[in-house]
Amino acid sequence: MGRKALNIIGISSSNSQHNTFALILGIKDTDMRIPIIIGAYEAQAIAIELEGMSPSRPLTHDLVKNLLNSFDIIVTEVCINRFSQGVFYSIVKLSNGDKNIEVDSRTSDAIAIAVRFKCPIYAEDDVIKQSAMKEEKEEESDNDFIEKEDHTGTMSLGELEEYLEELIAQENYEEASRVRDEIKRLKEES
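Heads up, the sequence shown is in this note's numbering, so the first residue is 10 and it goes up one at a time.
So this is what it looks like as structure tokens:
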């Protein structure tokens, strides 16, 4: 059975369910996408690592990485190996140099761990056949986070930077991500 390499395209608010997000995975070298609905916590865990943010205390997926590293175990890859009744199933492949094992995982957790270990993410061909769709062209904005109701529009760049620091200290990474994007947008405009 074949498989294809994936990359993370982005995370956006899900319109289908309250407090959920759509993790969009791209199939490398194609215009095909796999959308996966994930919880807010997992979305936050993935986004924090992708954006290079440093939480003041380790999140659960950071703890998993620290524990594995303590025993010289690395994650070599993650593979989405099954799709059934709207649910994605994944395995995390681990190695200590002498022994290789596969561990069953929720896909959102597997990807949160994969981004921390910077290991490849794959999907089996059957999963791609059942769940992938062609990329939809964005109409106006590629950042759903900024489109939410937002009071940062009236703040100066300095105020936004201070607010960002406060949000990180409070471990409010979802809002911090929005504010960071707004700061980036303002800097690009000036």
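Glycine residues also receive a C-beta, built at the ideal position from the N, C-alpha and C atoms. Quick caveat, the model's predicted, so the values are computed rather than measured.
Quick check: what's the CA-CA separation for residue i versus residue j?
i	j	result
Ile46	Met164	32 Å
Gly11	Cys88	11 Å
Asn16	Leu77	23 Å
Glu180	Arg66	9 Å
Gln139	Gly61	33 Å
Val112	Leu166	45 Å
Ile18	Asp71	22 Å
Glu148	Asp107	With a pLDDT of 46 at Glu148, under the threshold of 50, the modelled position of that residue is not reliable, and the figure given next carries that caveat. Straight-line Cα distance between these residues: approximately 50 Å.
Asp190	Glu168	14 Å
Ala178	Glu171	11 Å
Leu176	Ile192	14 Å
Met41	His27	26 Å
So, under 8 Å CB-CB, residue i and residue j are touching, yes? Tell me the CB distance rounded to an integer number of Å.
i	j	result
Ala54	Ala119	With 8 Å as the limit, Ala54 and Ala119 do not qualify as a contact, their Cβ atoms being about 11 Å apart.
Ser8	Glu51	Because residue 8 is not part of the residues shown, which for the chain are 10 to 199, the question remains open.
Ile130	Ala141	The pair is not a contact, with the Cβ atoms about 14 Å apart (cut-off 8 Å).
Is DSSP giving residue i helix, strand or coil here?
i	result
Lys108	coil
Lys4	Any question about residue 4 goes unanswered here, given that the chain covers just 10 to 199.
Asp40	coil
Gly19	strand
Ala54	helix
Go ahead and label residue i buried or exposed: buried means 16 or more other beta carbons lie within 10 angstroms of its beta carbon, across all protein chains shown.
i	result
Ser99	buried
Phe80	exposed
Lys74	buried
Val84	buried
Asp96	In the sequence as displayed, the identity of residue 96 is Val instead of Asp. Flag for Val96 reads exposed.
Lys157	For Lys157, the predicted structure reports a pLDDT of 35, less than 50, and the residue's modelled location is therefore unreliable. The matter cannot be settled from this model.
Legend entry - Inter-stretch contact at 8 Å, needing at least 3 Cβ pairs: the region 91-99 / the region 133-144: Three or more beta-carbon pairs separated by less than 8 Å link the region 91-99 to the region 133-144, which places the two stretches in contact.
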